[in-house]
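Counting in this note's numbering, the sequence shown runs from 20 upward without gaps.
Input: a single structure, listed below in structure tokens.
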Amino acid sequence: MESFSINNTESFRQLYSRYYKALMLYAMKMTEDEETAEDIVQNVFLHLWENREIFDDENVVRNFLYLSVRRRAIDHARHVKVEGKYKEYALGNDEATEAAWEDSEAFKSEIYRRLMEAINELPPRQREIFLHYMQGKKNTEIAQMMNISEETIRVQRKRALKTLRKKVGDKYIIFLLFL
Numbered sequence: 020m021e022s023f024s025i026n027n028t029e030s031f032r033q034l035y036s037r038y039y040k041a042l043m044l045y046a047m048k049m050t051e052d053e054e055t056a057e058d059i060v061q062n063v064f065l066h067l068w069e070n071r072e073i074f075d076d077e078n079v080v081r082n083f084l085y086l087s088v089r090r091r092a093i094d095h096a097r098h099v100k101v102e103g104k105y106k107e108y109a110l111g112n113d114e115a116t117e118a119a120w121e122d123s124e125a126f127k128s129e130i131y132r133r134l135m136e137a138i139n140e141l142p143p144r145q146r147e148i149f150l151h152y153m154q155g156k157k158n159t160e161i162a163q164m165m166n167i168s169e170e171t172i173r174v175q176r177k178r179a180l181k182t183l184r185k186k187v188g189d190k191y192i193i194f195l196l197f198l
């Protein structure tokens, strides 16, 4: 039986060539958006490359690739759904309100300034965890990057959110989704 490895760029390039098109089709089917599908597939391959030393079987890699694309596409769909609900809530389906909201760059800038100020006032560890969370990273990814437990990540993220809610109010925390 031939040994499997993706620890060098050439073998990774071959693996990428072998699965890229199929993963793109799979992601396109789930997201119905080529740009989003490409982002998802690229991020999955990047994650694979960053964790390549744990893979020693191509079947495991193939399963990892498809499951990761599926999970990220579902996460994306959830995000889009939440974003749509928030916009409906914030705008109240009123065209005048919608126009005022879109025209109010000063309002958006002020909310952004307050949020960033509050985030910068968080303790360093909470701030770092929260910023990773805002970038869409999962607790497991953050825990690995920071070399701390997932439970610590959960607790620190909750504390950060609680502090931010106190400082800027609940309704503006949702604004973070759009940054």
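For each residue, glycine too, the CB sits at the ideal point set by N, CA and C.
On a predicted model such as this, the values are computed, not experimentally measured, just so you know.
- With 16 or more other CB atoms across the displayed protein chains lying within 10 angstroms of its CB, residue 88 is buried.
- Residue 182 and residue 141 have their C-alpha atoms spaced approximately 8 Å apart.
- In the DSSP annotation of this structure, residue 75 is not part of any alpha helix (DSSP H), being labelled neither H nor E.
- Bounds of the alpha helix (DSSP H) holding residue 36 are 28–50.
- Listed in chain order, the non-local C-beta contacts of residue 158 below 7 Å within the same chain comprise 169, 172 and 173, local neighbours out to five positions each way being set aside.
- Across the structure, residue 71 and residue 26 are spaced so that their CA atoms are roughly 6 Å apart.
- For residue 130, the secondary structure class from DSSP, reduced to helix, strand or coil, is helix.
- The residue among 56, 145 and 185 with its C-alpha nearest the C-alpha of residue 167 is 145.
- DSSP places residue 154 in the coil class of the three-state scheme, outside both helix and strand.
- Linking residue 130 to residue 90 through their CA atoms gives a straight-line distance of about 31 Å.
- It is roughly 22 Å from the alpha-carbon of residue 150 to the alpha-carbon of residue 67.
- For residue 140, the secondary structure class from DSSP, reduced to helix, strand or coil, is coil.
- Counting the other CB atoms within 10 Å of its CB gives residue 28 a total below 16, which places it among the exposed residues.
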